[in-house]
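The listed protein sequences derive, respectively, from chains A and B.
Position 85 (the first sequence) corresponds to 85 in the working numbering; numbering is contiguous.
The working numbering runs 215 ahead of the 1-based position in the second sequence.
Glycine is no exception: its CB is placed at the ideal position from the N, C-alpha and C atoms.
As the structure is a prediction and not an experimental result, all values here were calculated from the model.
See structure below.
There are 2 protein chains.
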Amino acid sequence: MPIERRPLREQIREELLARIDRGDFAAGTDINEAALAAELGVSRTPLREALITLAGEGVLESNQGRGFRFAPVSRKEFRELCEIVAALEALALDSSDPAHLRRIAPELLRLARGFPDRIAEQQVIERHDDEWHDLLLSGCRNERLLDLITSVKAGLRRYAHVLAGDDTPLEREAAEHCQVAELLLAGDLGKAAQALRDNWVNGMERMVSRIPSTG
Amino acid sequence: MPIERRPLREQIREELLARIDRGDFAAGTDINEAALAAELGVSRTPLREALITLAGEGVLESNQGRGFRFAPVSRKEFRELCEIVAALEALALDSSDPAHLRRIAPELLRLARGFPDRIAEQQVIERHDDEWHDLLLSGCRNERLLDLITSVKAGLRRYAHVLAGDDTPLEREAAEHCQVAELLLAGDLGKAAQALRDNWVNGMERMVSRIPSTG
DNA sequence: ATGTGATATTTTGTATTCAGAATTCATAGT
DNA sequence: ACTATGAATTCTGAATACAAAATATCACAT
Numbered sequence: 001m002p003i004e005r006r007p008l009r010e011q012i013r014e015e016l017l018a019r020i021d022r023g024d025f026a027a028g029t030d031i032n033e034a035a036l037a038a039e040l041g042v043s044r045t046p047l048r049e050a051l052i053t054l055a056g057e058g059v060l061e062s063n064q065g066r067g068f069r070f071a072p073v074s075r076k077e078f079r080e081l082c083e084i085v086a087a088l089e090a091l092a093l094d095s096s097d098p099a100h101l102r103r104i105a106p107e108l109l110r111l112a113r114g115f116p117d118r119i120a121e122q123q124v125i126e127r128h129d130d131e132w133h134d135l136l137l138s139g140c141r142n143e144r145l146l147d148l149i150t151s152v153k154a155g156l157r158r159y160a161h162v163l164a165g166d167d168t169p170l171e172r173e174a175a176e177h178c179q180v181a182e183l184l185l186a187g188d189l190g191k192a193a194q195a196l197r198d199n200w201v202n203g204m205e206r207m208v209s210r211i212p213s214t215g
Numbered sequence: 216m217p218i219e220r221r222p223l224r225e226q227i228r229e230e231l232l233a234r235i236d237r238g239d240f241a242a243g244t245d246i247n248e249a250a251l252a253a254e255l256g257v258s259r260t261p262l263r264e265a266l267i268t269l270a271g272e273g274v275l276e277s278n279q280g281r282g283f284r285f286a287p288v289s290r291k292e293f294r295e296l297c298e299i300v301a302a303l304e305a306l307a308l309d310s311s312d313p314a315h316l317r318r319i320a321p322e323l324l325r326l327a328r329g330f331p332d333r334i335a336e337q338q339v340i341e342r343h344d345d346e347w348h349d350l351l352l353s354g355c356r357n358e359r360l361l362d363l364i365t366s367v368k369a370g371l372r373r374y375a376h377v378l379a380g381d382d383t384p385l386e387r388e389a390a391e392h393c394q395v396a397e398l399l400l401a402g403d404l405g406k407a408a409q410a411l412r413d414n415w416v417n418g419m420e421r422m423v424s425r426i427p428s429t430g
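Quick look at the structure:
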């Protein structure tokens with residue numbers, strides 16, 4: 001059994017993202033490094049390293065002399081992030097092996113159909129959605145692109161708990177995922193990529209109204 | 216006169232990128248933190264913060280217990296980065312104000328035509344190219360996208376000195392920039408975005424052979 | 001009561017120190 | 001001669017210490 005040996009900064013980063021998923025932190029609030037470090041049981045050094053990483057991903061903001069704070073959410077930024085992820089995932093699809101895509105298409109379809117079945121809690125839904133997208137991109141050879149997508153999606157995590165509890169978009173989301181899968185099954189990569197983009201843009205427009213409009 | 220007050224980590228990051236531009240560091244070599252910190256006249260703490268940022272941008276790699284090193288270059292990664300930037304700049308163009316684009320089109324044309332005139336040193340050429348792209352994206356309202364493009368381009372800087380000294384692609388590059396500008400002048404945004412993508416892909420294919428093939 | 005300014009406190013940004021892992025070097029054994 | 005083993009050294013990762021900036025507190029004048 002290989003024991004886990006990773007830098008603290010990475011573990012801390014993931015813990016903070018997990019807490020963001022749970023909605024533990026309110027967007028826009030300042031971070032007290034000493035307090036947070038104590039709570040996590042680490043020193044300020046690796047904590048700050050994690051904070052700097054998250055700031056680079058747009059999850060946090062930093063101001064000279066004033067430390068870090070959770071980046072405020074806004075409809076504008078949510079749209080921006082969705083557009084970016086849409087373009088990047090479409091590119092990932094374009095640079096995937098078509099044969100592989102056709103091979104995983106049935107599984108994508110199965111996953112998409114499993115979505116609306118259960119009236120599940122948000123966490124489960126999100127896991128399902130992630131699973132679907134991970135599988136979709138599993139044939140992309142552009143490693144830098146995959147890393148980048150992960151990084152940009154980290155910024156989107158801030159919106160997860162804001163948007164939690166809205167069932168309406170789910171069926172639609174599932175339907176669009178099905179459509180992407182079917183187009184892949186049919187081997188029409190171009191249309192699938194376009195459908196994927198549409199999925200992101202439609203999902204974005206459906207959800208954006210739930211984000212508090214920043215005065 | 217507002218005196219400069221920015222975190223050391225940012226200044227250090229920029230200094231390191233500038234040195235990469237100058238080809239001071241060979242790709243793949245390890246970084247000795249103490250030595251580099253001493254050379255820069257700072258302590259290891261802000262240096263490490265800069266290194267972590269650069270690692271997040273893909274400029275450096277880090278391995279547990281083994282520190283940081285300049286990420287090795289490869290044809291594969293160069294292609295990956297170019298494809299990403301192509302997609303992102305095209306997206307930026309898509310989400311720009313068409314009126315603004317038409318307004319700056321003449322200036323873009325002028326800049327593009329000024330390219331091959333002078334037999335200039337690499338540095339000057341690069342600055343020109345940057346200027347052209349900055350102007351091109353000046354109408355993009357998607358701030359996150361602009362930040363992301365800057366970040367991905369930081370990774371491309373590692374290839375600057377590898378590719379330095381090749382004149383052949385220049386005319387072609389200029390011609391393609393002209394074409395993009397002309398299409399913008401004509402108001403055909405879709406074709407301009409496609410031409411921009413082609414510019415990146417063509418430029419990539421032209422340059423990729425100069426990158427040493429990693430055994 | 002309110003605003004202003006001096007002082008105290010908190011918090012960040014940076015430097016230094018410490019512990020442990022990785023590497024190097026030397027030595028012993030085959 | 002070559003490999004393996006172990007000590008010595010170097011370096012990273014993390015904790016702690018320190019200095020300066022920002023914020024809060026309070027006294028005092030208006």
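**Asked** What residues from the region 80-92 of chain A come within 9 angstroms of chain B, judged by C-beta to C-beta, listed N to C?
**Response** Within the region 80-92 of chain A, the residues whose Cβ lies closer than 9 angstroms to some Cβ of chain B are E80, L81, E83, I84, A86, A87, L88, A90 and L91, listed in chain order.
**Message:** Give me the chain B residues within the contact set of A/P7, using Cβ-Cβ distance strictly less than 7 angstroms, ordered along the chain.
**Reply:** Close to A/P7, with beta-carbon spacing below 7 angstroms, are these residues of chain B in chain order: Q279.
**Asked** Fully enclosed by the region 230-294 of chain B, which alpha helix (DSSP H) runs are 4 residues long or longer?
**Response** Segments of the alpha helix (DSSP H) lying fully in the region 230-294 of chain B: 248-255 and 259-271.
**Item:** Residues near A/T53 in its chain [Cβ-Cβ closer than 6 angstroms; skip 5 each side]
**Value:** So the qualifying residues of the chain are R13.
**Request:** Provide the residue(s) that pair with A/C140 in DSSP beta bridges, ordered along the chain.
**Result:** Answer is A/S96, bridged to A/C140.
**Asked** Would A/R144 count as contacting chain B if we go by Cβ distances under 9 angstroms?
**Response** So yes, A/R144 belongs to the interface.
**Request:** Compare the C-beta of A/G58 against all C-beta atoms of chain B and say whether one is closer than 9 angstroms.
**Result:** Yes, contact with chain B.
**Asked** For the region 248-274 of chain B, which residues have a CB atom closer than 8 angstroms to at least one CB atom of chain A, in sequence order?
**Response** The region 248-274 of chain B vs chain A, Cβ under 8 angstroms: T260, R263, E264, I267, T268, G271, E272 and G273.
**Asked** At a CB-CB cut-off below 7 angstroms, which residues of chain B make contact with A/E77?
**Response** In chain order: R359.
**Prompt:** Can you tell me whether DSSP reads B/S366 as helix, strand or coil?
**Reply:** Helix, per DSSP.
**Item:** As assigned by DSSP and simplified to three states, the class of B/N414
**Value:** The DSSP-derived three-state label of B/N414 is helix.
**Message:** Taking the beta carbon of B/V339 as the centre, do at least 16 other beta carbons fall within 10 Å, making it buried, or is it exposed?
**Reply:** Taking all protein chains shown into account, B/V339 has fewer than 16 neighbouring C-beta atoms within 10 Å of its C-beta and is therefore exposed.
**Message:** On the criterion of 16 or more Cβ atoms from any shown chain inside 10 Å, does A/R19 qualify as buried, or is it exposed?
**Reply:** Classification for A/R19: exposed.
**Request:** Check the Cβ of B/S310 against every Cβ in chain A and list those closer than 8 angstroms, keeping chain order.
**Result:** Within 8 angstroms Cβ-Cβ: E83.
**Message:** Can you tell me whether B/L251 sits near the ligand HEM, meaning its C-beta is under 8 angstroms from at least one heavy atom of the ligand?
**Reply:** Within the structure as shown, the ligand HEM is missing, as the structure has no ligands at all.
**Asked** Does A/L148 have its Cβ less than 9 angstroms from a Cβ in chain B?
**Response** A/L148 counts as touching chain B.
**Between the CA atoms of A/I31 and A/E205 - distance to the nearest angstrom** = A/E205 and A/I31: Cα-Cα distance of roughly 31 angstroms.
**Request:** Please classify A/G41: is it buried, with 16 or more other beta-carbons within 10 angstroms of its beta-carbon, or exposed?
**Result:** Answer is exposed; the Cβ neighbour count stays below 16.
**Item:** A/E61 and A/R48 closer than 9 angstroms at C-beta
**Value:** Going by C-beta atoms, A/E61 is not nearer than 9 angstroms to A/R48.
**Prompt:** Can you find a CB in chain A that lies within less than 9 angstroms of the CB of B/M216?
**Reply:** Note that B/M216 scores a pLDDT of 49, beneath 50, so its modelled location is shaky and nothing firm can be said.
**Asked** Around the C-beta of B/E358, are 16 or more other C-beta atoms found within 10 angstroms, so that it is buried, or is it exposed?
**Response** Classification for B/E358: exposed.
**Prompt:** How long is the line joining the alpha carbons of A/K76 and B/S310, rounded to whole angstroms?
**Reply:** A/K76 and B/S310: Cα-Cα distance of roughly 13 angstroms.
**Prompt:** Is the CB of B/V367 under 9 angstroms away from at least one CB in chain A?
**Reply:** For B/V367, the answer is yes, since a Cβ of chain A falls inside 9 angstroms of its Cβ.
**Prompt:** Hey, A/R158 and A/V59: beta-carbon distance below 9 angstroms or not?
**Reply:** It is a contact, given that the beta carbons lie within the stated cut-off.
**Prompt:** Between B/H315 and the rest of its own chain, which residues show a CB-CB distance below 8 angstroms, the 5 nearest in sequence each way excluded?
**Reply:** Its chain contains S353 and G354 as the residues whose beta carbon lies nearer than 8 angstroms to that of B/H315, once the 5 sequence neighbours on both sides are disregarded; these appear in chain order.
**Message:** Among the candidates A/K153, A/T29 and A/A181, whose CA atom is the shortest distance from the CA of A/R103?
**Reply:** Answer by Cα proximity: A/A181.
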